Amino acid sequence: NFITECYTIMANASILPSIGTVSAQALKKGNKSKRLDKKEYLSIPYAFLAFFVGFIDGDGYIQVTKTTKGFISIKLVISLHLEDISTLEYIQSVLKLGKITVYKDLKSPCCKLIINRTDLQEVIFPLLLHHGIFFLTDTRRAQFELAMFILKNEIKIFSLIPKKEDMPLIFKLPKTSVDIVKLAFFKNWIVGFTVSEGSFFLKVNNDGCFQLKQRVHDILFEAFKLVFETKRKISNEKDLYSQFSVSSKDDIQRVINFFSFSGYHPLVGLKGIQYLKWLTLLRNSSRYANLNFPN
């Protein structure tokens, strides 16, 4: 009945408060058949959410654009090569949100998971605030702060969005690499970031190698060195890209320990397959015969 419905809405709002006002029309339009009750979203594992944010920091973006009528459109988009659609299907299966669209006719066929504004307002952003999990790359952080400012202040017209410097920060980024490592979600974030920006391979000389590469972000890449306990220098390509790369026996063992023995969120999709193939190649190499491999 009506009273029960009202009570449920109020209870849900206190559990996971929406960001800004969500119109009744937007709620009707959304695909409610798949979506969980708000209370159930709190049972999504913390490790998954940290993994998810790391993955978006690598391969996703929060899109804020102007509609033809001058209004604001907000959505979260994750785009991958079509061969890696299982990664998007996995994320969708946990969140019970978003729509996967396949683009087969492109030169490089791709697939996209798109999460709409209402689901960001009602579920994704409230979950991140609830758990204190945030984006660590400058670009994604700026996109999140902008979207949050628009939603919280209920700005409707694109031309009324203020300048970036006039927006207050929701999450303050740690100032040092040591502080980044102390973040409770960072290790699972690394797994998600690896699924998007990492690679496991053998060099021409058959040395095993693990690499993470993205736009320059000094303290973040220094934090990778601390987690994997290595002194290997971060390389910098034309001041555009940072690259973390390890290949010594000790370093490779620590990489295996991290991804196979630490209990963090597992690697998924094509990157998970690449990692398992890499382990097989290392096992068959006399150079790595003494390493501790997973069964």
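Counted from 1, the sequence shown has number 473 at position 228 by our numbering; the numbering is strictly sequential. A virtual CB, placed ideally from N, CA and C, is assigned to each residue, including glycine. Predicted, not measured: the structure shown is a model, and the values here were computed from it.
Buried versus exposed call for residue i [16 or more other C-beta atoms within 10 Å across all chains shown]
| i | result |
| --- | --- |
| Ile330 | buried |
| Asn535 | exposed |
| Thr363 | buried |
| Pro290 | exposed |
| Gly315 | exposed |
| Val347 | exposed |
| Glu285 | exposed |
| Glu328 | exposed |
| Gly508 | exposed |
| Val339 | exposed |
Residue i to residue j span [Cα, whole Å]
| i | j | result |
| --- | --- | --- |
| His510 | Gly265 | 31 Å |
| Ile415 | Asn537 | 42 Å |
| Ile260 | Lys283 | 7 Å |
| Lys311 | Lys516 | 35 Å |
| Gln337 | Gly343 | 6 Å |
| Leu333 | Ile501 | 25 Å |
| Ser505 | Leu527 | 14 Å |
| Ser531 | Ser324 | 39 Å |
| Leu428 | Lys483 | 30 Å |
| Asp495 | Arg386 | 34 Å |
| Phe469 | Cys355 | 29 Å |
| Ile317 | Lys401 | 6 Å |
| Ile345 | His376 | 26 Å |
| Ile319 | Met393 | 10 Å |
| His326 | Trp523 | 21 Å |
| Arg477 | Leu485 | 19 Å |
| Asn410 | Gln388 | First, the residue type needs correcting, since residue 410 is Glu and not Asn in the sequence shown. About 13 Å. |
| Glu390 | Lys408 | 12 Å |
| Ala292 | Lys341 | 17 Å |
| Ile497 | Thr313 | 52 Å |
| Leu287 | Ile464 | 31 Å |
| Gly443 | Leu471 | 17 Å |
| Val426 | Asp350 | 42 Å |
| Leu418 | Asn529 | 42 Å |
| Thr525 | Lys420 | 39 Å |
Alpha helix (DSSP H) segment containing residue i, residue limits
| i | result |
| --- | --- |
| Arg477 | Here Arg477 belongs to no alpha helix (DSSP H), and DSSP marks it neither H nor E. |
| Pro311 | Here residue 311 is Lys; the residue named in the question, Pro, does not match the sequence. That residue, Lys311, is in no alpha helix (DSSP H); its beta strand (DSSP E) goes Gly305 to Lys311. |
| Leu391 | Asp383 to Lys397 |
| Gly443 | It is not in any alpha helix (DSSP H) - Gly443 instead sits in the beta strand (DSSP E) that spans Gly443 to Leu447. |
| His326 | Segment Ile317 to His326 is the beta strand (DSSP E) holding His326; no alpha helix (DSSP H) there. |
| Ile359 | No alpha helix (DSSP H) contains Ile359, which is instead part of the beta strand (DSSP E) from Cys355 to Asn361. |
| Ile369 | Run containing Ile369: none; DSSP gives neither H nor E here. |
Proximity of residue i and residue j at Cβ, strictly below 8 Å
| i | j | result |
| --- | --- | --- |
| Asp302 | Leu373 | no |
| Val491 | Thr475 | yes |
| Leu396 | Gln366 | yes |
| Gln459 | Ser487 | yes |
| Phe503 | Leu457 | no |
| Arg499 | Phe473 | yes |
| Phe193 | Tyr335 | Shown here, the chain extends from 246 to 540; a query on residue 193 therefore has no answer. |
| Gly437 | Val298 | yes |
Own chain, CB closer than 6 Å to residue i, minus 5 neighbours either side, in chain order
| i | result |
| --- | --- |
| Ala295 | Ile378, Phe430, Asn433 and Trp434 |
| Lys448 | Cys454 |
| Ser441 | Phe300, Gly303 and Asp304 |
| Pro539 | Ser505 |
| Gly514 | Asp329, Ser331 and Thr332 |
| Asn361 | Lys320 |
| Phe403 | Lys311, Gly315 and Ile317 |
Other residues of its chain near residue i: CB distance less than 7 Å, five sequence neighbours each side excluded
| i | result |
| --- | --- |
| Val322 | Gly305, Tyr306, Gln308, Lys357 and Ile359 |
| Asn398 | none |
| Pro371 | Leu261, Pro262, Ser263 and Ile264 |
| Asp383 | His462 |
| Leu512 | Val436, Thr439, Val440, Phe504 and Tyr520 |
| Asn450 | none |
| Asp424 | none |
First and last residue of the uninterrupted beta strand (DSSP E) at residue i
| i | result |
| --- | --- |
| Tyr520 | Per DSSP, Tyr520 belongs to no beta strand (DSSP E); it is in the alpha helix (DSSP H), Gly514 to Arg528. |
| Thr346 | Lys344 to Tyr348 |
| Tyr486 | Tyr486 to Val491 |
| Phe455 | Gly453 to Arg460 |
Beta-carbon proximity list for residue i, same chain, < 8 Å, skipping 5 on both sides
| i | result |
| --- | --- |
| Ser480 | Ser487, Gln488 and Ser490 |
| Ser353 | His326 |
| Met412 | Glu390, Leu391 and Phe394 |
| Val368 | Leu261, Arg280, Lys283, Tyr286, Leu340 and Leu342 |
| Asp452 | Ser492 and Arg532 |
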